[in-house]
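Everything below concerns the one structure shown next.
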Amino acid sequence: MAVMTYREALNMALREEMRRDGRVFVIGEEVGLYEGAYKVTQGLLKEFGPRRVVDTPICESGFTGVGIGAAMVGLRPVVEMMTFNFAIIALDQIVNTAAKLHYMSGGQFNVPIVIRGPGGPAAQLAAQHSQSMETYFYHVPGLKVVRPTTPMDAKGLLKSSIRDDNPVIFIESETLYPVKGEVPEDPDFVIPLGKAVVRREGKDVTVIAYMGMMYRAMEVAEDLAKEGLSVELVDPRTLRPMDTETIIGSVRKTHRLVVVEAGAGFAGMGSEIASFVTEQAFDDLDAPVERVTGANAPMPYARNLEKLKTPSKDKIAAAVRRVCGANGG
Amino acid sequence: MYAGMLRVRLFEERVRELFAGGRIPGFLHTSVGQEAVAVGVAAALRPDDYVLSTHRGHGHLVAKGGSLRGLMAELYGKANGICHGKGGTMHIADASVGYLGANGVLAAGCVLAPGVGLSIKHRKSGQVVVTFFGDGAANRGPFHEGVNMAALWKLPVVFVCENNRWASTTAHALSAAGGSIAARAAGYGIPGEATDGNDVLAVWEAVTRAAERARRGDGPSLVEAHTVRWVGHFEGDPQAYRPRTEAAEGRQRDPIARLEAALREQHRLDDAHAARIRDGVIAEIDDAVAHAEGSPLPQPHDALTDLFAHYPWRD
Ligand SMILES: Cc1ncc(C[n+]2csc(CCOP(=O)(O)OP(=O)(O)O)c2C)c(N)n1
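Same order as they appear, the protein sequences are chains H and Z. Counting from 1, position 312 in the first sequence corresponds to residue 312 in our numbering; the numbering is continuous, with no gaps. Remember, our numbering sits 329 above the position in the second sequence when you count from 1.
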């Protein structure tokens, strides 16, 4: 184990997989000479050369298509989006080609591609640069969607994503890049896609969160422990395929559920989780599932408004108290 | 090339009949009249070269050597179609002949092609990739983004625009500023050549030049083949938007009749030989139709298979 930042963990994963497999290459805007808008690709051009670290013109749809074309005939591209907000420009390529090609061709072609970059709320980046982009992708059959919360997950999940034979959407976060944590240095360390993790054991209520919201939920859990409430924290890590088993298992234990997500709530992750928990574990629930979501508005710029838009510790704590109170707890 | 064009023509005409008779479903776009482009391009390529195609792509696959049985069964939506009945007319792919797929999204191939080119360069395989697109598709962003990257990185790509004057019901003149698609190549510093798309030898020559250049490592080219769509945009299109004379004019420049006349003049084709070729093609198409008619529909559980690949990619 070594202590490193989330950014360094991602860089390590890229470097290890590029050393391991000559078909893996990185492509995107400013990934080579400039070493990435957020320095995730630092040092890669120097080690692997311009054939495997490809700086592109500014054309998200174009270079995503290039990645897909290369993946169809033998390479394993890692496409960087400067910010995932711009992935909408490449949505056609991702949804119409990458996600469907294996299916439409009756299994003749597959698309082993990772599309990665930061998304979600950051520090006053405002409306076009703060969207929780996962919602655009997890609806689409044929895509896998990953949101890694810790440096260890960032490394282990990125390596699994690169080794996966299917298109993987891998959304990081500007605010998490400098976060430090323990990361195994073993190049064989991977975390399988589709496996959630219980970050904190508890018995009164399950709280599901990921990325920045998980860190917030951890603080809430500490605070509520002082009030005698025991919170179990579950991080799905991969949103598609979703590890419903771990989530249902936790709900069966605690009988109460709160889902926290940064994006606007309508048809969001919380809706989906509430729905399958209700279908599969209705009798185990002692209270209605609560969702704590971003407000239904684009991200405002002003600091106070940005704070209002995103789920706060107070809102999360209030929701937890409500579901527990619903059963006299 | 004569037999090749006849195969495309007779295949497409049979498909039209089958559609009219209710045997084949869907949005069906045929390439009747445009055979010289598909066949001229395929003749200029190696068997291991790649082709990216369009919604009007049956001819491209037939010319590249795809199995008529597999293609016909796919158009029928049968389990033993090339794509197991899951692709259909606008999304057919046939890996066995380097046919990387028709695409229902116009110009999508223009950005996939440079990616395929990167892989070719990486593997040093000496292959070339051709991407077909229509005059209408040439107005979409992916055309410009793809040509730019292919030119920038000198990738082995040949961009082939089939200019049949119409994008669905919209005339070329009403949608393409500057008129010439070939001239757009100059902006990206690559050769752009307009050619007679009703002359299979002219197409073959232009694409041969482009493919040689690509194989030498000198980068992409753009070929604009002027042709005529004899039939509607899709089967059932009443074509009220264009003069009836246009298809007739196209027929006067029939690429197959032109080549046939030239071959006869050179005494390389006579009635008996021509009849043998035609009969052979018809027998092959009859066989493909019988095969498709006799094939089973996919099983219900097939709707959920092939969503993800689990096998490791072949090295
Ligand atoms: C991105 C996109 N927009 C619209 C369509 C609908 N559409 C299908 S074919 C077509 C016309 C295409 O014209 P052209 O590219 O010239 O090819 P042609 O049909 O003449 O072969 C249109 C508008 C589509 N398939 N994809």
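All residues carry an ideal CB built from backbone N, CA and C; glycine is no exception. Quick caveat, the model's predicted, so the values are computed rather than measured.
Relative to the non-hydrogen atoms of ligand 1, the Cβ of Z/Arg345 never comes closer than 7 angstroms to any of them. Z/Ser504 carries a coil assignment under DSSP once its states are collapsed to helix, strand and coil. Beta-carbon to beta-carbon, Z/His562 and Z/His358 are separated by about 7 angstroms, close enough to satisfy the 8 angstroms threshold. Residue range 470 to 481 is occupied by the alpha helix (DSSP H) that includes Z/Asn477, with no beta strand (DSSP E) assigned at that position. Under the 8 angstroms Cβ criterion, the stretch 522 to 536 of chain Z counts as touching the stretch 363 to 375 of chain Z, having at least three qualifying pairs. For H/Val190, same chain residues with a beta-carbon under 6 angstroms away, outside a window of 5 residues either side, are Gly156, Lys159, Ser160 in chain order.
Relative to the Cα of H/Val26, the nearest Cα in the group H/Thr5, H/Tyr6, H/Ala217, H/Thr56 belongs to H/Thr56. At a cut-off of 8 angstroms between beta carbons, H/Gly69 contacts chain Z.
The beta carbon of Z/His420 sits no closer than 7 angstroms to any heavy atom of ligand 1.
By the Cβ-count criterion, H/Gln131 is buried, with 16 or more other Cβ atoms from all chains shown falling within 10 Å of its own Cβ. With respect to chain H, the C-beta atom of Z/Val391 has no partner C-beta closer than 8 angstroms. For Z/Ala437, at least one C-beta of chain H is nearer than 8 angstroms to its own C-beta. By a beta-carbon distance limit of 8 angstroms, Z/Asn492 contacts Z/Ala554. Their separation comes to about 7 angstroms. In this structure, the alpha-carbon of Z/Pro520 lies about 15 angstroms from that of Z/Phe472. When Cβ pairs closer than 8 angstroms are counted between the two stretches, the stretch 417 to 437 of chain Z is seen to touch the stretch 347 to 362 of chain Z, the count reaching three or more. Near chain H, meaning a CB-to-CB distance below 8 angstroms, no residue of the stretch 541 to 573 of chain Z qualifies. Within chain Z, no residue has its CB atom less than 7 angstroms from the CB of H/Tyr138, the nearest being about 14 angstroms off.
Proximity of chain Z to H/Tyr103 at the Cβ level (cut-off 7 angstroms) is accounted for by Lys415, Asp635, Leu636, in chain order. Comparing alpha-carbon positions, the option among H/Phe170, H/Pro236, H/Asn96 lying closest to H/Leu10 turns out to be H/Phe170. Out of Z/Asp377, Z/Val618, Z/Ala442, Z/Val489, the CA that lies nearest to the CA of Z/Glu534 is found in Z/Val489. The three-state secondary structure of Z/Gly444, taken from DSSP, is helix. Residues Pro178, Lys180 of the same chain have their beta carbon placed closer than 6 angstroms to that of H/Thr5, with the five preceding and five following residues left out of the count. Within the same chain, Gly521 come within 7 angstroms of Z/Ala515 by CB-CB distance, once the 5 residues on both sides are set aside. For H/Tyr301 and H/Gly28, the gap between their C-alpha atoms comes out near 27 angstroms. Within the stretch 540 to 623 of chain Z, the complete beta strand (DSSP E) segments at least 3 residues long are 550 to 555, listed from N- to C-terminus. Within its own chain, the residues whose Cβ lies closer than 8 angstroms to the Cβ of H/Ile58, once the five positions on either side in sequence are excluded, are Glu29, listed in chain order. Taking the beta carbon of Z/Ser448 as reference, the chain H residues within 7 angstroms of it are Ala70, Val73, Gly74, Leu75, listed in sequence order. Under DSSP, no beta-bridge partner is assigned to H/Phe63. Taking a C-beta cut-off of 7 angstroms against chain Z, the contacting residues of the stretch 110 to 125 of chain H are Asn110, Pro112, listed in chain order. By the criterion of at least three beta-carbon pairs nearer than 8 angstroms, the stretch 205 to 220 of chain H is in contact with the stretch 139 to 158 of chain H. Residue environment for H/Leu33: exposed (fewer than 16 other C-beta atoms within 10 angstroms of its C-beta). At least one heavy atom of ligand 1 sits closer than 7 angstroms to the Cβ of Z/Arg558. Taking C-beta separations shorter than 7 angstroms and ignoring five residues to either side along the sequence, the partners of Z/Tyr517 in its chain run Val476, Asn477, Ala480, following chain order. Z/Gly470 reaches chain H at Ser61, counting residues in chain order whose Cβ is nearer than 7 angstroms.
Within chain Z, no residue has its beta carbon less than 9 angstroms from that of H/Arg20; the closest one is some 13 angstroms off. No Cβ of chain Z is located within less than 8 angstroms of the beta carbon of H/Asp188.
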